[in-house]
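Add 799 to the 1-based position in the sequence shown for our numbering, that's all there is to it.
Okay, so here's the structure we're looking at.
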Amino acid sequence: MNAPVNPRSVRPTETSRVDLLLIAEMVMPGARVLDIGCGDGELLRILADKHGVDGRGIELSQAGVNQCVAQGLAVIQGDADADLAYYPDLAFDYAILSQTIQATYSPRLVLEQLLRIGKHAVVSFPNFGHWRVRTQLMFGGHMPRTDNLPETWYDTPNIHFCTIKDFIALCDDMGVKVERAIALNAYGTKLVSMPLFAQNLFGEQAVFLLSR
């Protein structure tokens, strides 16, 4: 088993996002990859440098697309909710949606599209079941703000929050195979030895490797 990754030990030239490092671990070298909501291309750079993948990306913001193109990355402007339908079946080995599914209008449909166009799907998201979120709701009486959910309720792009248990239930309902599921605490440590209820309580975010 790989040792837990501590974000404090990650070199700035790589990434400070531990979920991206875990996603990179799940992708086979040389694979065909589509990164949906790729932002500034950070994950595509990691995958290209470390695994030699054939990477493509789509990004909603024009600023993000411009950053990616400036680095020589193959990224176009697109919307996860509307544009995945234009990709053919099994066009990629991996379809990746990192910290984005909670910001889509139709998470179930988007997940179906990921598993249609990719042999595998990799999804990461902030866990709304984390104890800090529960505490702020229960005792503060307001929508929570954490390191993974920093925006106020009226500024956030997130419209479909979910917990780790919620996401597993969705996969079960869709008949999706969960090949790997990793919860991370606030320090980036993998909570691999904890039962599901504890991962849902102490995990700030989660990364899932999925297939049909």
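In this text, a Cβ means the ideal position worked out from N, Cα and C, and glycines have one as well.
- Taking the Cβ atoms as the reference, A890 lies roughly 12 angstroms from I857, outside the contact range of under 8 angstroms.
- Distance from the CA atom of C961 to the CA atom of Q901, rounded to whole angstroms, is 7 angstroms.
- Assignment of D882 by DSSP, reduced to helix, strand and coil, places it in the helix class.
- In its chain, beyond the 5 residues on either side, Q935 have a beta carbon closer than 7 angstroms to the beta carbon of H941.
- For L995, the number of other beta carbons within 10 angstroms of its own is below 16, and it is reported as exposed.
- The alpha-carbon of V922 is positioned some 6 angstroms away from that of V1006.
- Annotation for R855: L833, A873 place their beta carbon closer than 6 angstroms to its own, counting only its chain and skipping 5 residues before and after.
- With a beta-carbon spacing of about 6 angstroms, V826 and L846 fall inside the 8 angstroms limit used to define contacts.
- For F938, the number of other beta carbons within 10 angstroms of its own is below 16, and it is reported as exposed.
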